[in-house]
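Residue numbers (the working numbering), protein chains in the order written: chain W, 2 to 514; chain S, 232 to 605; chain E, 32 to 335. Encoded as structure tokens, the structure appears first; notes follow it.
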């Protein structure tokens, strides 16, 4: 095989899911030893295509040729691994209570005395492996205690341990800080250069494509719409290919925030689910008609902060004051009653009930209003249904009917349903966590407009997002959160992305509340 | 650093939720499961040298053949229905009450004590007081595991199961000790109560308590399917975290579900005492609550379904003992038939899925064979 | 009270704890792969019946044990088929197994032996008691530890074996991974369902063996519903043993101690109260464990 011969070749691959064609006649050749990026919007079929390679999905038509060998009818991860394919999934597949070494060797543990697992030998092996690829880890650490970045490193080592020379990474940077992202790409580039590995990166962030790849494939609605050399393109062109049109991000903000303080947080402390302190004394003020954007890498206390304000999570210190009233000890129901709405980041766990119907999901919180009650006890189902229908229309929630279970909706529509419910309370304060994660571009724009309408109506909004573009687009003020503390506070427009990512990783401590 | 890890199975158990609705497809599966279960029962009868047709005929005759038998079946239906609804109302709110047996005992005992102590008072006073006492006792005994679950996250399935045994022994202690009666009977029990329900059909177990049961079932049905509280319970049961976030008082509703469940069980205890035994006896219930629980599970905690299915299970139970007398086969074969129905229904979705996969595979094979033939 | 608190009490503790220990070990296996099997109660009951059946039919305790092991494997496979393969609600399946056990044992008792209530007789050969001369020479320990029935010793060995299996062998790693992170195991090319099957079968065998101890070791008879919620106590033991074999063993011993104490206190306290004690204590223990965990959690830990 020559240097540039394809190591992986997709030939007319089509994958059909019950709802849609996930991959539509995709043909793609990836060369040995290249850094290849696959970009596209959410739902464009990138991950599905790679799952075909890894044997998690079987194509309806077409085939894949790995190193000159056709994948078999019964292609599965085991066979893919044997052919040298390794995949690092978006959600890590690690056993939390096991050590780094145990996770890396899961399924192929070294054995001594016939039956017992040989810890010493394994730890030695893992150390050698981590040295060889420049990915330092401590084999004896328990994975649960590691940072997300380190957990990802363990995932990569796991793939390498099994002898992968084709490494697929699915959205690896979603959970990483900018510094960690840079480090990851550096390691990956060096692996590609020095070990002649082939790395395929799935992403929807265009600057990562530019930073990392040699070549890039663009996917749209299940189709591969183009392959270009990274050096011959730019972000704008790629974006146009991804969505089929030039994206115009209008500046939507209008009007100035008022001076009226609505929500005051002082010295707030809280613990995470594991009992570790996650919010370590936060002071923050929210004014009417203002959007305060919280920048930070995920897992630095954002979720805990928002849950504390809503009373879902107990506070261990400090106070939250709403219009001069201390709400620190109140229950979510009471806080809602005083005029706070909340869009949580974990849709499926907190934001909605997957088994309940769309109507039930949209009505929660209003079921005790006289409009939906008869004699003070009976639930007026018919009225609730027509209300849910009207609300769906208003917020463009597309469902097969409001009496179907919520889980039958797509991610974007679920999120719109949540937003419809929370915005319809007409509360003066909104706590919004990750409003557009996993939502397609059209819906993102719709959601942004709705948020800004709320701002124009004089709401005080706390916006948490992992997407800096979103924060810069919507916020009046930006604060940075690092390890449970605010490390900076800036007026939007007075700071650049590079500067803010410095604060996001704890670079400087400068708190101006 | 201490790591608090919840055991995986505990997590899974917490995640058990009253899932799907009753669909036409499900009801069809139920019918098939019942037929299959009867066939399994027939197989066992054949193995043991009995004629299945004769046995089953005896079963239905024994349950429905005579007014007296029919009365017994109806009385049994009431018991199953109340216990089944007790399970459903808690399960819908996301909390499992497996301790109905204990609540039933306490309810029965409380009713019997009140019924005996109030001798001389007008009949209706006695009945109302006994009813209140029974409902209170049952509810209180359910409140304990409920509050433990909500405030301390102590697994309610295990605590309620264990509290069953504790209650039964405790009632037995009371009847053999402080509440010991001078009267003689087959089993030890308390003093006889002053008034009791008179049978509606002569010599049968069907008595005035059926009206109380009917009213209770109606209230629960309304609560679960038509009321705002029922709506909130459903949301809580489907996703507790979401309910709390949405401003529903989930904790309170879960405790309420548990307590209502316990109250219903207490009521069943009272009906047993006032309708049948005329006093509290140490073996008041032969696992009545567990029978009701299964009915509830099969019907996916849907109140109306529970009421219908109770009648069917009552036929099996009453007919089972009649079958033992007339056909000579041990009535426990009916328990096996019931268990088989439950196995099939619990696995309904999975079996259907497996069948689909299997038939799809066969179809693929057949088309391959055809292509090869061409 | 010296007639209560003496060496015999400790010996009785071991004897009464054994069925719970065995059953809890079985339950622990399924617990570790992510299934809470409350059907162990029924498995225990069926084990008790089939042990008597095997022993009676062939006049040998060995056949009793063989019957029980075969039964355990079948029950394990059955449980696996329904709760994993058909993805049914494991709680419902557990309850159904308990119902089935209640019905089937009574049905067979009447059909095969023609008796109601209980079956005993000279035809049933009990499990042998083992005497270790070297142990008996030690004064106190010898009296307690020697002269127990076979399954008591088997249960001790099994505690150690289970611990070794779970924490020291690759197979154990796969078992634990299949409960904690099945996707991780699947990505490693191992089928988590296989591990669950293995755990179910091990659970079936151990839960059935615990029944054999009831009917051939503890007593030499079978009576209706003789498992008397011990299976549920075993489930509770697994919960506060935190899924760790030695700790589960200690929890079961505590149960055995209270049970044995109760039996010996009957002179002083009504029998019903002593019978009630183990269940109440188990519930109280569950609460205490939670409260203790809470207190630990409340002390804030700085940093990572």
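Idealized CB from N, CA, C, for every residue including glycine. From a predicted model like this one, the values you see are computed outputs, not experimental measurements.
- Around the beta carbon of residue 266 of chain S, fewer than 16 other beta carbons sit within 10 angstroms, so the residue counts as exposed.
- Put simply, the backbone Cα of residue 141 of chain W is about 9 Å away from that of residue 99 of chain W.
- Inclusion of residue 333 of chain S and residue 386 of chain S in the CB contact set at 7 Å is not warranted, their separation being larger than that value.
- In the three-state reduction of the DSSP assignment, residue 430 of chain S falls in the strand class.
- From the beta-carbon of residue 345 of chain W, no residue of chain E is found nearer than 9 Å; the closest lies around 23 Å away.
- Annotation: residue 62 of chain E to residue 169 of chain W spans about 34 Å, alpha carbon to alpha carbon.
- For residue 124 of chain E, the nearest CB of chain S lies under 7 Å from its own CB, placing it at the interface with that chain.
- With contacts defined as CB atoms closer than 7 Å, residue 264 of chain E and residue 200 of chain E fail to qualify as a contacting pair.
- For residue 160 of chain E, no CB of chain W lies under 7 Å from its own CB, so it is not counted at the interface with that chain.
- Under DSSP, residue 113 of chain W shares a beta bridge with W:117.
- Contact of residue 587 of chain S with chain W is not assigned, every C-beta pair being separated by 7 Å or more.
- Cα atoms of residue 81 of chain W and residue 460 of chain S: separation of roughly 53 Å, rounded to the nearest angstrom.
- In chain order, 266, 310, 328, 329 place their CB closer than 6 Å to the CB of residue 321 of chain W, counting only its own chain and leaving out the 5 sequence neighbours on each side.
- The three-state reading of DSSP puts residue 465 of chain W in strand, counting E and B together.
- By the CB criterion at 7 Å, residue 242 of chain W and residue 218 of chain W fall outside the cutoff.
- Taking CB atoms only, residue 51 of chain E has no neighbour in chain S less than 7 Å away.
- Taking the C-beta atoms as reference points, residue 283 of chain E is found no nearer than 7 Å to residue 271 of chain E.
- Shown here, residue 458 of chain W sits in coil according to DSSP, grouped into three states, outside any helix or strand.
- The shortest CA-to-CA distance from residue 182 of chain E to any of E:323, E:279, E:94, E:240 is the one to E:240.
- A contact is defined here as three or more CB-CB pairs under 8 Å, and the region 286–301 of chain E fails this definition with respect to the region 197–213 of chain E.
- Only exposed fits residue 59 of chain W, as fewer than 16 other CB atoms lie within 10 angstroms of its CB.
- Cα atoms of residue 118 of chain W and residue 232 of chain W: separation of roughly 49 Å, rounded to the nearest angstrom.
- Below 8 Å, too few C-beta pairs join the region 144–156 of chain E and the region 116–136 of chain E to call them touching: fewer than three.
- Check the Cα spacing between residue 344 of chain W and each of W:435, W:290, W:388, W:326: the tightest is with W:435.
- For residue 504 of chain W, the three-state secondary structure derived from DSSP is helix.
- Spanning the alpha carbons of residue 527 of chain S and residue 320 of chain S requires a straight line of approximately 10 Å.
- In the three-state scheme derived from DSSP, where H, G and I count as helix and E and B as strand, residue 296 of chain E is classed as coil.
- The beta-bridge partner set that DSSP reports for residue 89 of chain W consists of W:170.
- The Cβ of residue 79 of chain W sits closer than 7 Å to at least one Cβ of chain E.
- Using a Cβ-Cβ cut-off of 8 Å, residue 374 of chain W is close to 459 of chain S, given in chain order.
- Residue 257 of chain W has a beta carbon lying at 7 Å or more from every beta carbon in chain E.
- Taking 7 Å as the cut-off, the Cβ atoms of residue 106 of chain E and residue 67 of chain E do not count as close.
- DSSP lists no bridge partner for residue 125 of chain W.
- Annotation note: the region 94–169 of chain E contains the following uninterrupted beta strand (DSSP E) runs of length 3 or greater, listed N- to C-terminal: 149–151.
- Within the same chain, and ignoring the five residues on either side of residue 137 of chain W in sequence, the residues whose Cβ sits closer than 6 Å to its Cβ are 131.
- For residue 403 of chain S, the chain E residues whose Cβ falls inside 7 Å of its Cβ are 303, in order along the chain.
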